[in-house]
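Just below is one structure, and these are the notes that go with it.
In our numbering, the protein residues as written are 2 to 73.
Here's what the structure looks like:
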């Protein structure tokens, strides 16, 4: 991850929350995409950016309903 290091102090951030976001699920004409969203925060008590939150979005792959041979 590129966003897991605090730009101000260089310390690794900690995960303070997570959620799952689904996009494109309201219409059969759009591709459905699922993301795991992690909320990160600097853990250094002396950092000026402590408490400032950032998010990292990781796409979760969705099975197509077919097996490895292409059959359903």
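Glycine included, C-beta positions come from ideal geometry on N, C-alpha and C.
Pairwise C-alpha distance: residue j and residue i
i	j	result
residue 52	residue 33	33 Å
residue 54	residue 17	9 Å
residue 37	residue 58	6 Å
residue 21	residue 9	28 Å
residue 62	residue 28	19 Å
Limits of the unbroken beta strand (DSSP E) element including residue i
i	result
residue 31	Residue 31 -> no beta strand (DSSP E), and no H or E assigned at all.
residue 6	Unbroken run through residue 6: none, as it is neither H nor E.
residue 62	That residue, residue 62, is in no beta strand (DSSP E); it is neither H nor E in DSSP.
residue 15	15-24
Other residues of its chain near residue i: CB distance less than 7 Å, five sequence neighbours each side excluded
i	result
residue 13	5 and 6
residue 25	31, 32, 33 and 34
Any non-hydrogen atom of the ligand SAH closer than 7 Å to residue i Cβ
i	result
residue 51	The ligand SAH is not among the ligands present in this structure, which contains no ligands whatsoever.
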